[in-house]
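Please read the structure below before turning to the comments.
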Amino acid sequence: MTVHLEAADGVGVIRLDRPPMNALDTATQDRLREVAREAAQRDDVRAVVVWGGEKVFAAGADIKEMQAMGYEDMAVRARALQDSFTAVARIPKPVVAAVTGYALGGGCELALCADVRIAAESAKLGQPEILLGLIPGAGGTQRLSRLVGPAKAKDLIFTGRMVTAEEALTIGLVDRVVPAEKVYQEAHAWAAKLAKGPALALRAAKEAVDSGLETDLETGLAVERGLFAGLFATQDREIGMRSFVEEGPGKAKFG
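So for the sequence shown, the UniProt record's numbering puts the first residue at 1; every next one is plus one.
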């Protein structure tokens with residue numbers, strides 16, 4: 001298997017494992033979709049780390065495989081490609097990408113599917129598809145522009161250039177930069193903290209933000225309103241408010 005899911009103490013780790021560069025061929029894409037859906041459904045997974053290993057996150061698509069594909073092949077395959085990445089984006093739990101080495105093309109697009117990106121100081125990110133006579137096809141034109149704004153997204157997509165972790169942090173492509181040996185530790189700690197939080201409230205928060213970004217303000221507010229009210233029927237809300245009243249803020253222990 002080129003993608004694994006391991007879970008312990010509420011944290012699920014989606015591990016890309018296709019040496020040497022974690023090239024995302026069709027089999028790996030399909031396996032990624034399966035694993036993401038499994039992580040979404042498992043009760044023992046309350047937060048997720050996406051991790052490519054100590055040397056590389058994912059260097060992109062398998063170019064040799066793509067070279068042999070024509071229009072008819074990709075017209076059929078493109079939806080499955082996007083669905084694999086969307087499955088990660090739609091995991092209804094906090095997701096953090098632990099980015100080491102290269103996150104290029106599909107690798108960058110996979111990182112974009114996470115809620116937070118923690119990168120190594122030596123990491124390089126980019127969307128180099130234009131250099132192949134292509135554009136990003138796994139969500140890059142859409143998720144990147146929503147994250148960093150259209151002008152910065154167009155710069156990266158038009159030129160195909162790689163950015164350093166420092167520049168990625170400056171433009172908002174990543175959220176934290178740490179030494180390479182600490183990337184996984186930092187990402188896991190972030191996930192572990194949230195794995196102890198109120199699962200239903202976290203799920204609602206993610207849905208409200210993500211759904212709101214896809215629509216107008218009034219519709220987004222309606223989504224928020226419904227989710228907010230719905231949480232008043234949950235045990236998470238009961239635990240959180242009771243703890244606040246009896247013990248003070250920040251001391252609630254959620255199941």
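No residue lacks a Cβ here, since even glycine has one placed at the ideal position from N, Cα and C.
Predicted model only: the values in this text are computed from it and were never measured.
When the alpha-carbon of Ser-145 is set against those of Asp-25, Asp-44, Gly-53 and Glu-214, the nearest one is in Glu-214. In the three-state DSSP reduction, Gly-137 falls in the coil class, being neither helix nor strand.
Bounds of the alpha helix (DSSP H) holding Thr-86 are 71 to 89. Lys-206 sits in a helix when the DSSP states are folded into three classes. In this structure, Ala-120 lies away from Thr-141, with their beta-carbon atoms at least 7 Å apart. Cβ-Cβ distances below 8 Å link Glu-207 to Pro-92, Val-223 and Leu-227 in the same chain, with the five nearest sequence neighbours on each side left out; the list follows chain order.
The beta carbon of Phe-254 sits closer than 8 Å to the beta carbons of Lys-196, Gly-197, Pro-198, Ala-199, Asp-236, Ile-239 and Gly-240 from its chain, once the five residues preceding and following it are set aside; these are given in chain order. Considered as a whole, the stretch 141 to 202 harbours 162 to 164 and 176 to 178 as its complete beta strand (DSSP E) runs of no fewer than 3 residues, in chain order.
A distance below 7 Å separates the beta carbons of Val-96 and Ala-187. About 6 Å separates the Cβ atoms of Val-174 and Ala-165, confirming a contact at the 8 Å cut-off. Residue pairing by DSSP puts Gly-126 in a beta bridge opposite Leu-104 and Met-162. When Arg-77, Thr-86 and Gly-53 are compared, the shortest CA-CA separation from Val-35 is found for Thr-86. Met-69 and Gly-137 have their C-alpha atoms spaced approximately 14 Å apart. Here Val-116 carries a strand assignment [DSSP, helix/strand/coil]. Secondary structure remark: continuous alpha helix (DSSP H) runs of at least 4 residues inside the stretch 23 to 55, in chain order: 26 to 41. Non-local beta-carbon contacts of Gly-172 in its own chain, meaning distances under 7 Å to residues more than five positions away in sequence, involve Leu-147 and Val-148 in chain order. A check of alpha carbon separations from Ala-204 across Gly-220, Thr-26, Ala-58 and Val-116 identifies Gly-220 as the nearest. Annotated three-state conformation of Ala-68 is coil, per DSSP.
Taking all protein chains in view, the Cβ of Pro-249 is surrounded by fewer than 16 other Cβ atoms within 10 Å, so the residue is classified as exposed. Note: Leu-5 is bridge-paired with Ile-14 in the DSSP secondary-structure output.
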